[in-house]
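Remarks on the structure that follows.
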Amino acid sequence: MSNITNQSLSEILESIKSKKISSLELTQAYIKNIENAKKLNAFVTTTFDQALENAKKFDNKSNNEQLLSGVPLAVKDLFCTENVKTTAGSNILNNFVPSYESTVTKNLWNNGAFLLGKLNCDEFAMGSSNETSFFGNVINPIGDHLVPGGSSGGSSSALVADLTPATIGTDTGGSIRQPASFTGTVGLKPTYGLCSRWGIVAFASSLDQAGPMTKTVNDCSIMLEAMSGFDEKDSTSINKKKETYSKNLKDNIKGLKIGIPKEYRVDNMPKEIDELWEKGKKILKDLGAQLIDISLPHTKYALPTYYIVAPAEASSNLARYDGVRYGYRSQKGKDLIEMYENTRSEGFGDEVKRRILIGTYVLSSGYYDAYYLKAQKVRQLIKKDFDDSFTKVDAILTPSTPSSAFKIGEKTNDPVSMYLNDIFTVPVNLAGLPALSLPAGLDKQGYPLGLQLIGKALDEQKILNIGYAFEKNCGYKNEIKKWWS
Amino acid sequence: MSKEKFDYFINGEKGKYEVVIGLEVHAQVLSNSKLFSGSSTKFGADPNKQVSLIDSAFPGMLPVINEECVKQAVRTGLGLNAKINNYSVFDRKNYFYADLPQGYQISQYKNPIVGEGKVLLDMPYGSKEIGIERLHLEQDAGKSIHDMDPSSTYVDLNRSGIALMEIVSKPHLRSPDEVNAYIKKLRTIMRYLGTCDGNMQEGSLRADVNVSVRKVGDKNFGTRCEIKNVNSIKFMQMAIEYEANRQVELLEDGKVIDQETRLFDTKKNETRSMRSKEDAHDYRYFPDPDLLPLKLEQKLIDDLKKSLPELPDNKKERFIQEYGLNSYEANVLVSEKEISDYYEEVAKLSDKKLAATWMMGDLFAMLNDKGLNISNSPISSKNFAELVQSIKSGEISGRIAKEVFEIMVESGDNPKKIIESKGMKQQSDPKELEKMINEILSKNKDKVDQYKAGKEKLFGFFVGQVMKLSGGKANPQLTNEILKKLLKG
């Protein structure tokens, strides 16, 4: 019983269903883990009392018909949760308690899960190492000197440290897939519009997408099924029939065509990433898939394009934080304008300010055409590259990141090298496609590395199936000593 | 009437100047809820009582377009004979202000929902076409209230997010009178369509006024100044007059006009600079990523077109054809849909021409006097028609009719009943009248002699006496005839 928390979500669900364990016992086990893992700094807020109450309620009147029956879940602190503080990792929202529940979390609760706590993340999801959070950096359980990735670093850390059976993050440029890769876990960025953005603190609206972070592909399909769905409150939500990803999960991928884009072999890429990629190709080939060389010629423009589009939208999305209606308000300043200025100066961290400045600049008159407009055009070309490729292949296999988890502080003074970590993940966001990061191996230091499967829009089932088959044949397993407790 | 000439020019020492005006009218869309949220749009609620989480820009809130507002904009576009764009885009207009919670206004920039159209004005010097550049949908901001506290500004977000149509005219207007006619015409069209109530007191219709001047005959436009947010026609006219004269004075002094945004001070009756072109906001427009481009099916546009009511220009033509009205009468009677409805109800039951005359005369004067609208007139259209018919048939004279009218206003009674009960029927029996006239003539023999001696203007005296004796009820025409006959004899 003591090992319940290192099981997968689907195993836990089975134990709950068969009453091997009660929801209360399960919740208590996680609470114990969390209390012993303060060093990781994965949580901003815990909701233990509420979770215990919900667990008891479930045990008294258990309903095992639901996808996530009786399971406590911690979620990224970017999702607004009713009556529970929601900070987005920022000082400017350090006291913000929403009166509403985000659609995605509401979907989880409607499927039988309940909230365990809110997970640390980079401030407004801007970062690749979870070092920009106002609540301090998160530590990767893989090693006490390593970042857990970002921006969903609290989520990846908590997941791999068994502080939550599964979790959700948001992915604007890689914020689910990169932390998953850094922690040897599974992360899916769904098709743009599959999961509602309503109630998620916005970073870059045309790129933001919530998705599951789990220990296994099966868990990932369960979570996706629970959290996704059309929402009329989000105008960019896709109106389609709900799919039953977990029920339809198949490991037969014979005959599927897997594209291998040559542009993802970048300069200075560590040899072991290349080797990992080769390993992935071989596994899929051995499973009967057909490997096809493809070209995504505009890939090299994806990162600069992303770092124009995302800050532009962010600069506008973050204009609402002025200290007037909610959130942090500076006590300094002799008039309204000074109050605004001080609130925003004190409320936002450096990375957020940097992006607001970049975004404001690229939208400014005289620069708009050269930057924002051109970026939008390139974005269309990037999307077209994928569209063209998907006439020939079923999915695309690439590395998830150009390196394994780096050291805390290693890149904090070099934003560009930090941004370069997103090089394999951002094209997918720009094109609005689904992509799954799978643990695939270790580098020579023994740190996890991930591979990414990119699918056609709304083709989540297919990449989950490929991932499922891959997982069975890859033999990857996280071996983590619980050094923090 | 059309002999009058257009003559709004400003005379300077160095020449005669023409005033060029373009308007950006902000018309509040008539809809139950706001453009992107479900909050109510009703006027007059307590401050901040009609504000949703979206209107107050809480984290994670997303806009969802209100389809009714889109339809209203399309209807208005159709009413302006404008091109409806099947594809339009909502953009964010970014600026920082206390009553703009999002930090941006959702508006339409490069791709508005409605393109070019036109509005016809009836001016004393003939009909004039004013081009419409575009119409787009946008959110209203909240309201800053500066006069409730000496040191604080209060913000009311009830208006935040309400749908506005910004209707941009081409620079085709040339005088304050044309501006008056243009605003009134826009208002009439939108009220016919039911797309804007046009209530200027409640701020449902406001305008930014662009003014420039140039020497008569010049082909190029002068530098324009924009006067922001003027909320009555009278103020618009005053502001234009002031601004045009200010610009002419500058030019006469050999100075240049700075392109700038100005405010109209209604107390001092002057415009003053708000910000120069250099200080102009950089709104950093970009397509709102929270909203997909608005794609309108042609069928929706066609259906809306089919369901449009008859519009004032067409109705005016019909009134001229069908009711034999002149252009002026038709214009007045179609100026409000309710007035035209009332007129048509009356015209159906009575003399069409006489009905128009009486409506535009006594009825309008009375309503104006009492500060009432036609829709709450104390006289129903049916009673009014009966009154008109009583005049037409000769049952009562015009003079008596005015008395009956007064009583109708007070009592709301039917005119037949009033005439009956007060014995106000016109005396049209020739025998009775002859008897009465003979009586008067015999009492005033001296005057009869004078008349016969050539003092013909005494005729009026005799008529007066007949009216006095009959209590005003003598049929004037018959009285004249009989008097003439008897005075001859």
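Chains as they are written, first to last, in our numbering: chain A, 1 to 485; chain B, 1001 to 1489. C-beta atoms are modelled at their ideal positions from N, C-alpha and C, and glycine is treated no differently.
Candidates the options, of which the one nearest residue i by Cα
| i | options | result |
| --- | --- | --- |
| Q452/A | T86/A, P261/A, L73/A, I92/A | P261/A |
| S437/A | S228/A, G450/A, L430/A, N429/A | G450/A |
| E1013/B | A1082/B, N1245/B, L1062/B | N1245/B |
| D231/A | L24/A, K242/A, D219/A | K242/A |
| E460/A | P304/A, N239/A, L357/A, Y192/A | Y192/A |
| A435/A | P448/A, D394/A, S417/A | D394/A |
| S1212/B | L1367/B, L1121/B, D1258/B, P1124/B | D1258/B |
| P1059/B | T5/A, I273/A, I200/A | I200/A |
| E1226/B | N1210/B, F1235/B, A1239/B | N1210/B |
| N1086/B | A1098/B, P1171/B, V1332/B, L1294/B | L1294/B |
| H1172/B | L1205/B, G1131/B, S1335/B, G1471/B | G1131/B |
| Y301/A | C121/A, Q290/A, Q445/A, I423/A | I423/A |
| A1453/B | A1082/B, N1220/B, K1488/B | K1488/B |
| T45/A | N6/A, K17/A, S155/A | S155/A |
| M1200/B | I1183/B, E1249/B, Y1192/B | I1183/B |
| K1315/B | D1341/B, L1300/B, E1297/B | D1341/B |
Simplified DSSP state of residue i, which is helix, strand or coil
| i | result |
| --- | --- |
| R320/A | helix |
| R1191/B | helix |
| E1336/B | coil |
| Q1028/B | strand |
| L188/A | strand |
| Q1477/B | helix |
| N1314/B | helix |
| L1062/B | coil |
| D335/A | coil |
| F1462/B | helix |
| K1420/B | Before going on, a small fix: residue 1420/B reads as Glu here, not Lys. Here E1420/B sits in helix by DSSP. |
| C474/A | helix |
| G1398/B | helix |
| D1007/B | coil |
| E1490/B | Any answer about residue 1490/B is impossible in this case: the structure gives chain B only from 1001 up to 1489. |
| S18/A | coil |
| K1093/B | strand |
| L146/A | strand |
| N1229/B | strand |
| L1325/B | coil |
Cut-off 6 Å between Cβ atoms - residues of its own chain near residue i, not counting five sequence neighbours on either side
| i | result |
| --- | --- |
| V352/A | E123, F124, M126 |
| Q1050/B | S1039, S1040, N1158 |
| A1356/B | L1325, E1329 |
| E1270/B | Y1242 |
| P1287/B | V1089, D1091 |
| T236/A | G193 |
Beta-carbon separation (whole angstroms), residue i vs residue j, contact threshold 8 Å
| i | j | result |
| --- | --- | --- |
| G150/A | S181/A | G150/A to S181/A, Cβ: 12 Å. No contact. |
| L1053/B | Y100/A | 6 Å |
| E1437/B | V1466/B | For clarity, residue 1437/B is Ile in the given sequence; the question names Glu instead. Right, the Cβ-Cβ distance comes to about 6 Å (below 8 Å), so this counts as a contact. |
| E278/A | P1289/B | With 8 Å as the limit, E278/A and P1289/B do not qualify as a contact, their Cβ atoms being about 38 Å apart. |
| S1169/B | L1023/B | 5 Å |
| G173/A | I396/A | So it is not a contact: roughly 17 Å between Cβ atoms. |
| I1113/B | L1080/B | 12 Å between Cβ atoms; not a contact. |
Nonlocal neighbours in the same chain, by C-beta distance under 8 Å from residue i, ignoring five residues either side
| i | result |
| --- | --- |
| A1280/B | T1261 |
| L318/A | F124, F348, V352, I356 |
| L73/A | L108, A113, F114, L115, L116, T164, P165, A166, T167, I168 |
| S1031/B | T1041, N1066, E1068, C1069, Q1072, A1163 |
| D1046/B | none |
| D1265/B | T1271, R1272 |
| I253/A | L284, L287, G288, A289, N465, I466, A469 |
Cβ-based neighbour list, residue i, same chain, cut-off 7 Å, excluding 5 preceding and 5 following
| i | result |
| --- | --- |
| K1484/B | none |
| S15/A | I4, I21 |
Taking three-plus beta-carbon pairs below 8 Å as touching, is the region 245-259 of chain A in contact with the region 76-94 of chain A? no
Three CB pairs or more closer than 8 Å across the region 1341-1358 of chain B and the region 1380-1389 of chain B: yes
Does the structure place the region 428-443 of chain A close enough to the region 157-167 of chain A that three or more beta carbon pairs sit under 8 Å? no
Residues of the region 78-104 of chain A whose Cβ lies closer than 9 Å to any Cβ of chain C, in chain order: The structure shown has no chain C; the protein chains it does contain are A and B.
State whether the region 1175-1190 of chain B contacts the region 1135-1150 of chain B, with contact taken as three or more CB pairs (one from each stretch) at a distance under 8 Å. no
Counting Cβ pairs closer than 8 Å, one from the region 264-271 of chain A and one from the region 379-387 of chain A, do we hit at least three? no
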